[in-house]
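Convert by adding 969 to the 1-based position in the sequence shown; the result is the number in this note's numbering. Built from N, CA and C at the ideal position, the CB exists for glycine as well. Quick caveat: nothing in here was measured; it's all calculated off a predicted structure. What follows is a single structure, written as structure tokens, with notes after it.
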Amino acid sequence: MTDSSQRPRPLEYNPPQIGDLPVLFADEQILVLDKPSGLLTVPGNTPEKADCLERRARADYPYARIVHRLDMDTSGVMVMALTAEAQAHIGRQFEQRQTEKSYIANVWGQVAEACGEVDQPLITDWPNRPKQHVDPVNGRQAITKWQVVEKFAEHCRVQLSPVTGRSHQLRVHMQHIGHPILGDNLYAHADALAVSDRLCLHAERLAFAHPASGETIVFESAPSF
């Protein structure tokens, strides 16, 4: 097997073609989207990376504002705010861990236990940015709960529930316990990378309090992989 850190990452940004905005819900306060894999949440640092979910959303909803992010290769449920008040309200919910998030992932190998928890601090791997890595001394607390949903011949489908929201948390934690996410071009070994042409990680469920009514609302999306 080849160490993923020794393989060059793709340099070209090839976002999915622009089509209808994948709206799950919209009102005067919020816009909930089903983000496709391969699309940046916000613009990158070069002109060729200007296309992103935020830009596409603003074509139809000019006041759309970012509240949280999903990795470029992660798909699934994402909420944007349509007012400054809604942005602040939902942002606080994320900061105070009042939202409920769950993801579906296909991971390499057979996970022995039915469920578990990964509690491993994370920090940026500065020489290899944007990668993150486990650092028990200097890392920030990162906790992921996981549960096996289904087993296949060479991989498992798991539900991941992040307690914290660190960058690349789910991807690093699964790699750390020996079950990298299939198609992960940053953390998977060569065999796990080759299984899928996309990162098999999908934000399947997001629940939070509506900024106007305070009522808990839930949005769900099934993965395409």
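So, for residue i: in the same chain, excluding its five sequence neighbours on each side, which residues have a beta-carbon less than 8 Å away from its beta-carbon?
| i | result |
| --- | --- |
| Q975 | Because the pLDDT at Q975 is just 41, under 50, the model does not fix this residue reliably, and the value given afterwards should be weighed accordingly. Counting only Cβ-Cβ distances below 8 Å, and skipping sequence neighbours, we find nothing. |
| H1137 | D1040, L1091, P1099, K1100, Q1101, L1155 and Y1156 |
Have a look at residue i and residue j and give me their C-alpha separation to the nearest angstrom.
| i | j | result |
| --- | --- | --- |
| H1158 | L1009 | 24 Å |
| H1148 | R1135 | 19 Å |
| Q1128 | V1076 | 10 Å |
| R1024 | V992 | 14 Å |
| Q1056 | I999 | 9 Å |
| A1074 | Y1030 | 30 Å |
| E997 | V1046 | 18 Å |
| K1120 | A1111 | 26 Å |
| E1123 | A1163 | 13 Å |
| H1037 | V1103 | 23 Å |
| D1166 | C1021 | 20 Å |
| D972 | H1058 | In this prediction, D972 scores a pLDDT of 45, lower than 50, which makes its location untrustworthy; the coordinate-derived value is nonetheless stated afterwards. Rounded to whole angstroms, D972 to H1058 spans 42 Å at the Cα level. |
| F1188 | R1174 | 6 Å |
Spatial neighbours of residue i within its chain, please: CB distance less than 6 Å, with the 5 preceding and 5 following residues excluded, ordered by chain position.
| i | result |
| --- | --- |
| F994 | V1001 |
| Q1116 | C1084 and Q1128 |
Compute the distance between the beta-carbons of residue i and residue j, then report whether it is under 8 Å.
| i | j | result |
| --- | --- | --- |
| R1140 | D1153 | yes |
| R1109 | V1118 | no |
| F1177 | V1011 | no |
| A1033 | L1051 | yes |
| V1106 | H1142 | no |
| K1070 | A1172 | yes |
Please name the residue or residues paired with residue i in a DSSP beta bridge.
| i | result |
| --- | --- |
| C1125 | V1076 and K1120 |
| G1085 | W1115 |
| D1029 | Paired residue(s): none; D1029 is not in a bridge. |
Whose C-beta lies closer than 7 Å to the C-beta of residue i among residues of the same chain, with five residues either side of it excluded?
| i | result |
| --- | --- |
| P985 | P1005, G1007 and L1008 |
| A1019 | P1012 |
Taking 7 Å as the cut-off, does the CB of residue i come closer than this to any heavy atom belonging to the ligand FMN?
| i | result |
| --- | --- |
| N1154 | Summarising the ligand content, the structure contains no ligands, and the ligand FMN is consequently not present. |
**Message:** Counting beta carbon pairs with one atom in the segment 1078 to 1087 and one in the segment 1179 to 1186, are three or more of them shorter than 8 Å?
**Reply:** no
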